[in-house]
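The block underneath contains the structure these notes are about, expressed in structure tokens.
In my numbering, the protein residues as written are 1 to 262.
Below is the structure:
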């Protein structure tokens, strides 16, 4: 287990996030970076207009559209590695499940500003968001591949409603826009090799700048109703599962999918 896993769990429960500095070594980051850059270049070539005008992230990194089998297997091995699983188990000890991967980068369009949000706001109206927040958590495990400005988060908002200032900025009402500063924001600068774990539903925003390129691994509690968000093509094959040291994340997702289909 991760040293002080109970401390990590308590910090997440109270604050909604934690950072482990220099968690991955240079060799791990170098290997991961090589695969991710291959995906990123192919994705950009295939989405040129979107990349130039709107994009600040991509997803489905583990899918078969852009990466060959060996590179996909390398990503699955990283996600299921002891280092990743020790952290996942510290926060979601009972049946954690894989949801997706995302890649965050600097937008090309200078009009795009870093913006405050909760992930759940894109699927639920404001009345239902609190029910989601009080329910089971979705985790982001952010692995920066280069040194970057990182994230700005509002600690504790994974368990409470917005205050007036937060609501006005996040919802862009009363003369505010989502890129405005919020007084409770905490800046977290990240370096290659760090690991940031945070709640998808806390108020947060990525900070643009430097050579920003960060892989996010999204994990959810099996007790939650999120399996419909999982793309089948982004899951490992049976042979890939057989070669993993700890395939639990993917086995739990596959089990949930089989229950939906049955």
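Think of the CB as a built atom: it goes at the ideal place given N, C-alpha and C, for glycine as much as any other residue. Predicted model, so just to flag it, every value in this text is computed and none were measured.
> Do you know how far the Cα of residue 70 is from the Cα of residue 94?
Replying inline: In the chain shown, residue 94 corresponds to position 94, counting from 1. In the chain shown, residue 70 corresponds to position 70, counting from 1. In this structure, the straight-line span from the alpha carbon of residue 94 to that of residue 70 is close to 30 Å.
> In terms of residue numbering, what span does the beta strand (DSSP E) encompassing residue 216 cover?
Replying inline: Taking the first residue of the chain shown as position 1, residue 216 is located at position 216. Residue 216 -> beta strand (DSSP E) spans 213-221.
>> Quick check on the DSSP output: the alpha helix (DSSP H) that includes residue 102 runs from which residue to which?
In response: Within the chain shown, the letter at position 102 stands for residue 102. Counting along the chain, residue 102 sits inside no alpha helix (DSSP H); it lies in the beta strand (DSSP E) bounded by residues 96-105.
>> Which same chain residues end up closer than 7 Å to residue 23 when comparing Cβ atoms and leaving out the 5 residues on each side of it in sequence?
In response: To locate residue 23, count along the chain shown from 1; it is residue 23. Cβ neighbours of residue 23 beyond the five flanking positions: 83, 193, 194 and 195.
> At which residues does the alpha helix (DSSP H) containing residue 20 begin and terminate?
Replying inline: To locate residue 20, count along the chain shown from 1; it is residue 20. Looking at the DSSP string, residue 20 is not in any alpha helix (DSSP H); the run it does join, the beta strand (DSSP E), is 17-20.
> Excluding five sequence neighbours on each side, which residues of the same chain lie with their C-beta closer than 6 Å to the C-beta of residue 184?
Replying inline: For the purposes of this step, residue 184 is taken as residue 184 along the chain shown, with counting starting at 1. Hits under 6 Å: 154.
>> With distance defined between alpha-carbon atoms, name the residue in 54, 43 and 32 nearest to residue 66.
In response: Taking the first residue of the chain shown as 1, we reach residue 66 at position 66. Of the listed residues, the one whose Cα sits closest to residue 66 is 43.
> Hey, quick one: how far does the beta strand (DSSP E) through residue 160 stretch, first residue to last?
Replying inline: To locate residue 160, count along the chain shown from 1; it is residue 160. For residue 160, no beta strand (DSSP E) run applies, since DSSP gives it neither H nor E.
> Between the C-alpha atoms of residue 250 and residue 122, what's the straight-line distance to the nearest angstrom?
Replying inline: Indexing the chain shown from 1 puts residue 250 at position 250. Indexing the chain shown from 1 puts residue 122 at position 122. Residue 250 and residue 122: Cα-Cα distance of roughly 25 Å.
> Can we say the region 197-204 touches the region 135-142, given the rule of at least three CB pairs closer than 8 Å?
Replying inline: The region 197-204 makes contact with the region 135-142, as at least three CB pairs between them are under 8 Å.
>> Give me the residue from 114, 99 and 191 with the minimum Cα distance to residue 225.
In response: Indexing the chain shown from 1 puts residue 225 at position 225. Ranking the options by Cα distance to residue 225, first place goes to 99.
>> Which residues does DSSP list as the beta-bridge partners of residue 58?
In response: Looking up residue 58 in the chain shown gives position 58. According to DSSP, which records beta bridges pairwise, residue 58 is partnered with 103.
>> Could you check whether the region 209-227 touches the region 160-174, counting it as contact only if at least three pairs of C-beta atoms, one from each stretch, sit closer than 8 Å?
In response: Contact between the region 209-227 and the region 160-174 is not established, with fewer than three Cβ pairs separated by less than 8 Å.
> Who are residue 152's beta bridge partners in DSSP?
Replying inline: Your numbering for residue 152 matches position 152 in the chain shown. Its beta-bridge partners are 187 and 205.
>> Please return the same chain residues whose Cβ sits closer than 8 Å to the Cβ of residue 260, not counting the five positions on each side in sequence.
In response: For the purposes of this step, residue 260 is taken as residue 260 along the chain shown, with counting starting at 1. Here the set comprises 227 and 228.
>> Just to confirm before moving on: does the CB-CB distance between residue 232 and residue 64 stay below 7 Å?
In response: Residue 232 sits at position 232 when you count from the first residue of the chain shown. Residue 64 sits at position 64 when you count from the first residue of the chain shown. Cβ atoms of residue 232 and residue 64: not closer than 7 Å.
>> Ignoring anything shorter than 4 residues, give me the alpha helix (DSSP H) runs that lie fully in the region 5-47, in order along the chain.
In response: Listed in chain order, they are 5-15 and 26-46.
> For residue 258, which of helix, strand or coil comes out of DSSP?
Replying inline: Walking along the chain shown from the start, residue 258 turns up at place 258. Helix, per DSSP.
> Should the region 141-151 be regarded as contacting the region 204-216, the criterion being three or more beta carbon pairs within less than 8 Å?
Replying inline: Judged by Cβ distances under 8 Å, the region 141-151 makes contact with the region 204-216, as three or more pairs qualify.
>> According to DSSP, simplified to helix, strand and coil, what is residue 249?
In response: Numbered from 1 along the chain shown, position 249 holds the residue referred to as residue 249. DSSP places residue 249 in helix when its eight states are reduced to three.
> Can you name the residues that DSSP bridges to residue 198?
Replying inline: Taking the chain shown and counting its residues from 1, one reaches residue 198 at position 198. Answer is 17 and 140, bridged to residue 198.
> So the alpha helix (DSSP H) residue 129 belongs to, where does it begin and stop?
Replying inline: Numbered from 1 along the chain shown, position 129 holds the residue referred to as residue 129. Run containing residue 129: 126-134, per the alpha helix (DSSP H) assignment.
> Touch check for the region 48-56 and the region 102-122: three-plus C-beta pairs under 8 Å?
Replying inline: Yes, since at least three Cβ pairs between the region 48-56 and the region 102-122 fall closer than 8 Å, the two stretches touch.
>> Relative to the C-alpha of residue 179, which candidate in 39, 81 and 115 has its C-alpha closest?
In response: If you number the chain shown from 1, residue 179 lands on position 179. For residue 179, the closest alpha carbon among the candidates 39, 81 and 115 is that of 115.
> Looking at the unbroken alpha helix (DSSP H) that takes in residue 82, where does it start and where does it end?
Replying inline: Translated into positions along the chain shown, residue 82 becomes position 82. Here the alpha helix (DSSP H) through residue 82 covers 82-91.
> Between residue 133 and residue 117, which are expected to be in contact by the criterion C-beta below 8 Å, what is the C-beta distance as a whole number of angstroms?
Replying inline: By 1-based counting over the chain shown, the position of residue 133 is 133. By 1-based counting over the chain shown, the position of residue 117 is 117. In fact, because the Cβ distance is near 13 Å, the residues do not count as touching under 8 Å.
>> Here's the rule I'm using: 16 or more other beta-carbon atoms within 10 Å means buried, otherwise exposed. How should residue 76 be labelled?
In response: Here residue 76 is taken as the residue at index 76 of the chain shown, counted from 1. If you draw a 10 Å sphere on the C-beta of residue 76, you find 16 or more other C-beta atoms in it, and that means buried.
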